[in-house]
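Residue numbers (full-length UniProt numbering): 1 to 1060.
This is the structure in structure tokens:
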């Protein structure tokens, strides 16, 4: 029975022992075994990078191991001097052959030699070079054996193995470590004498160039699974070459560009956009460049918006990059100078800085305190105005002249920038051509003004034409090999032919590079001895970078850095985009460069980039900073940066983006070291995210509650008063709209005495009393709070308030409701006006959200008073406000209120007509059910009452009574009894006999009296009077007496008329 595989822990323990004993090769091999089954194992990564910092790099390399067959037995029967001479000549031959193919011999193990291909000189065809070197070695040793036999009387034979895998190159010690190197030696042991064997990793890369014969998989020492391998029978012979070339096979697309540009030049272009879509390497950027050439050759403007894989969800990044370039802004520019440069640019474009700068400044991360007056709108409205300002600026840049806007790599555009592009595609100036590139433009295909071309691979004829244009000297067979290798992808063709041109003709006459992407691209990156560390740092920064940032990340003298950049430009790895700015010529180049450094080095590079970004600006691109800290695995700093990015998004009115940033902050914080600091950070993040969720979805949102409840759990481990209070207040605001007043009361009690000053638990008690139906207590508490609140109290309270409705406006709104129910309509309107004044001075989202809260209660009051026109007007205002700011909860509420007003209007118009009333019954039934399903139940009994009135009006009194009983039962269970008197009064109308009706009416009068609900008491008393006549006089008089003498409550007229 075979032994069980080693566990990861066992392998790591053995690796640690090896590294402690100085055996780095064994440690690295064991770490590589761990990474094959657990690619993210941090301990294995660290062990793999154990050699001195800065002395090595991770590489996917091709490894050749050659070994003399039966060398031990041979050494025992041959004189030592002869053996040394023969083996010395063998080693010399192997070294010469490896050198011929520009490989590198790293080490000898006994009579074995290990060589790598791709270091220190990289080629596009290093895999084929290694295999060919192996064949040449077996042939040269066979010839050596003939000479040895004739002279010494014995034979010498060699076997060779070739494998490709991840290894650690220790440049300082000129050595290589890792499982890849060990497996190469094991593979060589599977070869028969005088032959070459390649591993399963090599075979797919060379089978078009060498004849391979599959061999049965075999087990080898140190590897759990049997190893697939192939014997190399011989090579297919052809020749290689190189260059770089023109746009081929895109005539249809190019003709459309030319025709569109001609129309733009004479001002008659109607189909504004042309898009090129397809996979990487299909020539999208080449076509975009062709469009730019058309404009620039005629002396006209080209504006380029370029997507970045690091900014796919960072708002308006391509716009920000363009603005910074045109304004002359870099990361070191102070905020005041940024604002000045922006204003100068806006003014130069003929726009009004006073109106445009407040809209464009947030795009550049410039806060209002640096010198401009912010726009007095928030949320969705602000977002729309910013998008329009960007479009206006881009159009102003073009003036009235023909121009091209390039939008490259739309797959990396954020949603906001896509909205800008869509707006540009809707322009009708006739002189603007918008050219888009992206891997998938499906989402834009319905735009009438856009023509999208899906770029397919080149046909065989087009492929041959491109190869010939790149290198006319290639033969038919050579062109055929390139065509088979590249599958019609222009980028692949360009890279392979270019590298073929740079290499000498090898002995075997190879025809194509086996590693189509990695090796050709890597050979550009290693343009000189100093370029690797430069491309590693640049790749960590991103596709595009500037000199200052690159210099701050690297420990390199500036002249050396400049020389390396020049070398990379000459090698077509870098290309300049502006003064002191470059980018990788292809994203694939960046990807290859990015994987070169070991994980620990890569993490350090990202950390340096993030630190440099933070140092270089007061308002850095926090989204990018966070991403780099994530990759650096500095999780606490990543969480903090995501919080900063959230604040920036909130300033732009992008609440969903702000919430998404906080979600990422939580994810990063979870990976930080456990302890009180992490818990406190998580609490701050969750309080903020719950706050923003409440603003969008309402304070009854379960998602918000989940954040707040988690904060409560965390507060239990660190009983800091501010955290606990913040959470309790937020949860109070969550349970209130759900109608769970008992829980609200418990939470209110929890805050008693916790805040210095005037005792801010009292507004919570007042609100709970209000919805419990204790209007007298509620009014007394709220009147006192409203009169006594001071700015000092407010400041202390706001520091722990994470609810989107402002606490002071809530007090005034709740007080308005209490006064209203007691018949003080004028007093209620005074408090509503006070609320309006207060919210005008609040920021976003508290100001608009608090105003929406006030409008909801205002609508209810006007409906209760029967002033349906006023209620309808306020609903329209609420709808507009909710849409403007992206408040989903208030949008839903406005729809509900509008439907309720419609139902009440139908009752007034013709309450007994089933044809008119039935649709409203169906709608109110749906509303009531939706509210209960959503657990938004505070006001559900009011809607139950409206539904019961509709049912009663069409004679469905049993159903109406059932609905009212459900509502009354809910009040009993939840303590939400503010509408209980009305429910009893309406149930009386469904009673089957006079006694039952009288009982409910008198219960309604008593309940309203106990609750100090004057308007409800008056209604119930009028119904008692109409039912019982003179015996109802006293209750009616008492109800009237409770109203202020100057009350203009509309039902008082009818009540007094009943008394005569």
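Idealized CB from N, CA, C, for every residue including glycine.
From the DSSP output, read off the bridge partner residues of residue 575.
-> Residue 575 sits at position 575 when you count from the first residue of the chain shown. 583.
Could you name the residues of the same chain whose beta carbon sits closer than 6 Å to that of residue 343, not counting the 5 residues immediately before and after it, in chain order? To locate residue 343, count along the chain shown from 1; it is residue 343. 353 and 357, listed in sequence order.
In whole angstroms, give me the CA-to-CA distance for residue 1052 and residue 746.
Here residue 1052 refers to the residue found at position 1052 of the chain shown. Here residue 746 refers to the residue found at position 746 of the chain shown. Using only the alpha carbons, I get a separation of about 38 Å.
Please classify residue 1032 as buried or exposed, where buried requires at least 16 other C-beta atoms within 10 Å of its C-beta. For the purposes of this step, residue 1032 is identified with residue 1032 of the chain shown, where counting begins at 1. Answer is buried; the Cβ neighbour count reaches 16.
* Any idea what DSSP makes of residue 101, helix, strand or coil? -> Here residue 101 refers to the residue found at position 101 when the chain shown is read from its first residue. Residue state for residue 101 is assigned as coil, using DSSP reduced to three classes.
Using the rule of at least 16 other Cβ atoms within 10 Å of the residue's Cβ for burial, across every protein chain shown, is residue 937 buried or exposed? Your numbering for residue 937 matches position 937 in the chain shown. Classification of residue 937: buried, given that the 10 Å Cβ count is 16 or more.
With DSSP collapsed to three states, give me the class of residue 239.
Counted from its first residue, the chain shown places residue 239 at position 239. At residue 239 the pLDDT is 32, less than 50, meaning the model places this residue with poor confidence and gives no usable figure here.
Practice item. Tell me, to the nearest whole angstrom, how far the beta carbon of residue 257 is from that of residue 291; I am working on the premise that it is less than 8 Å. Key: Reading the chain shown from its first residue, position 257 is the one you call residue 257. Reading the chain shown from its first residue, position 291 is the one you call residue 291. Indeed, because the Cβ distance is near 5 Å, the residues count as touching under 8 Å.
Taking Cβ to Cβ, would you say residue 998 is nearer than 9 Å to residue 1013?
Locating residue 998 in the chain shown gives position 998, where the first residue counts as 1. Locating residue 1013 in the chain shown gives position 1013, where the first residue counts as 1. No, they are not a contact pair.
- Message: Please state whether the Cβ-Cβ distance between residue 882 and residue 852 is less than 9 Å.
- Response: Numbered from its first residue, the chain shown carries residue 882 at position 882. Numbered from its first residue, the chain shown carries residue 852 at position 852. Against a cut-off of 9 Å, the Cβ pair of residue 852 and residue 882 comes out as a contact.
- Does the beta-carbon distance from residue 450 to residue 425 come in below 9 Å? As a working note, residue 450 is residue 450 in the chain shown. As a working note, residue 425 is residue 425 in the chain shown. Their beta carbons are under 9 Å apart, which means residue 450 touches residue 425 by this criterion.
Handout entry: Supposed close pair residue 1008, residue 1020 - CB separation, criterion 8 Å
Key = Start at 1 with the first residue of the chain shown, and residue 1008 comes out as number 1008. Start at 1 with the first residue of the chain shown, and residue 1020 comes out as number 1020. Their Cβ separation, rounded to whole angstroms, is 6 Å, which keeps residue 1008 and residue 1020 in contact under 8 Å.
- Cβ atoms of residue 441 and residue 404: under 9 Å apart, would you say? The residue given as residue 404 occupies position 404 in the chain shown. The residue given as residue 441 occupies position 441 in the chain shown. Not closer than 9 Å, so no.
**Asked** Excluding the five sequence neighbours on either side, which residues of its own chain have a C-beta within less than 7 Å of the C-beta of residue 592, listed in chain order?
**Response** Walking along the chain shown from the start, residue 592 turns up at place 592. Within the same chain, residue 592 has close Cβ partners 518, 521, 522 and 525.
Going by DSSP, what residue range makes up the beta strand (DSSP E) through residue 434? Counted from its first residue, the chain shown places residue 434 at position 434. 432-438 is the span of the beta strand (DSSP E), which, as asked, contains residue 434.
Q.
Could you pull the DSSP bridge partners for residue 160 from this structure?
A. Translated into positions along the chain shown, residue 160 becomes position 160. Beta-bridge pairing links residue 160 to 66 and 196.
>> Please report the straight-line C-alpha distance between residue 807 and residue 362, rounded to a whole angstrom.
In response: Taking the chain shown and counting its residues from 1, the one referred to as residue 807 is at position 807. Taking the chain shown and counting its residues from 1, the one referred to as residue 362 is at position 362. Distance between the alpha carbons of residue 807 and residue 362: 28 Å.
Query - 4-residue-minimum alpha helix (DSSP H) runs that sit fully inside the region 840-915, ordered along the chain - result: Those alpha helix (DSSP H) runs which fall completely within the region 840-915 and span 4+ residues are 846-865, 868-885 and 888-910.
- At what residue ranges does the region 990-1057 contain a whole run of the alpha helix (DSSP H), taking only runs of 4 or more? Counting only runs of 4 or more residues that sit fully inside the region 990-1057, the alpha helix (DSSP H) segments are 994-1011, 1014-1028 and 1033-1041, in chain order.
Which word fits residue 306, buried or exposed, when buried means at least 16 other C-beta atoms lie within 10 angstroms of its C-beta?
Your numbering for residue 306 matches position 306 in the chain shown. Buried is the call here.
*Helix, strand or coil at residue 228 according to DSSP, with G and I counted as helix*: Here residue 228 is taken as the residue at index 228 of the chain shown, counted from 1. Residue state, collapsed to three classes: strand.
Taking contact to mean 3 or more Cβ pairs, one atom from each stretch, closer than 8 Å, check whether the region 225-233 and the region 274-286 are in contact. Cβ pair count under 8 Å is below three, so no.
Going straight from the alpha carbon of residue 474 to that of residue 461, what length do you get? Here residue 474 refers to the residue found at position 474 of the chain shown. Here residue 461 refers to the residue found at position 461 of the chain shown. About 15 Å.
- Query: Roughly how far, in whole angstroms, is the beta-carbon of residue 181 from the beta-carbon of residue 63, given that I think they are within contact range, below 8 Å?
  - Reply: The residue labelled residue 181 in the question sits at position 181 within the chain shown. The residue labelled residue 63 in the question sits at position 63 within the chain shown. The pair is a contact, with the Cβ atoms about 6 Å apart (cut-off 8 Å).
**Report entry** Proximity below 9 Å, CB of residue 206 to CB of residue 131
**Finding:** For this step, residue 206 is matched to residue 206 along the chain shown. For this step, residue 131 is matched to residue 131 along the chain shown. Yes, these two residues count as a Cβ contact at 9 Å.
Nearest neighbour of residue 453, chosen from 69, 264 and 288 [CA to CA]: Residue mapping note: residue 453 aligns to position 453 of the chain shown, counting from 1. When 69, 264 and 288 are compared, the shortest CA-CA separation from residue 453 is found for 288.
TODO: Give me the Cα-Cα distance between residue 212 and residue 163, rounded to the nearest whole angstrom.
DONE: On the chain shown, position 212 is the one that residue 212 refers to. On the chain shown, position 163 is the one that residue 163 refers to. Roughly 14 Å separates the two Cα atoms.
Checklist line | For residue 407 and residue 375, the rounded distance between their alpha carbons | finding: The sequence position of residue 375 within the chain shown is 375, counting from 1. The sequence position of residue 407 within the chain shown is 407, counting from 1. Cα to Cα, residue 375 sits roughly 28 Å from residue 407.
**Study point:** residue 277 - containing beta strand (DSSP E), residue span
**Key:** On the chain shown, residue 277 is found 277 positions in, with the first residue counted as 1. Run containing residue 277: 273-277, per the beta strand (DSSP E) assignment.
- Message: Please report the distance separating the alpha-carbon of residue 138 from that of residue 436.
- Response: Here residue 138 refers to the residue found at position 138 when the chain shown is read from its first residue. Here residue 436 refers to the residue found at position 436 when the chain shown is read from its first residue. Rounded to the nearest angstrom, the two C-alpha atoms are 55 Å apart.
Q.
Please state the DSSP three-state secondary structure of residue 135.
A. Counting from 1 along the chain shown, the entry for residue 135 is found at position 135. In the structure shown, residue 135 sits in a helix (DSSP, three-state: H, G or I).
TODO: Would you please state the rounded distance, in angstroms, between the beta carbons of residue 628 and residue 642? I believe it to be under 8 Å.
DONE: Numbered from 1 along the chain shown, position 628 holds the residue referred to as residue 628. Numbered from 1 along the chain shown, position 642 holds the residue referred to as residue 642. Residue 628 to residue 642, Cβ: 12 Å. No contact.
Range of the contiguous beta strand (DSSP E) that encloses residue 216:
The sequence position of residue 216 within the chain shown is 216, counting from 1. Boundaries of the beta strand (DSSP E) around residue 216: 210-218.
Which value, in whole angstroms, describes the spacing of the CA atoms of residue 772 and residue 854? Working through the chain shown from its first residue, we reach residue 772 at position 772. Working through the chain shown from its first residue, we reach residue 854 at position 854. Just so you know, the alpha carbons of residue 772 and residue 854 end up roughly 19 Å apart.
* **Top-ranked residue by Cα proximity to residue 253, from 224, 532, 283 and 226** => Within the chain shown, the letter at position 253 stands for residue 253. The candidate whose alpha carbon is nearest that of residue 253 is 283.
Outcome for residue 400 when other beta-carbon atoms lying within 10 angstroms are tallied against a minimum of 16 | The residue given as residue 400 occupies position 400 in the chain shown. Per the 10 Å Cβ criterion, exposed.
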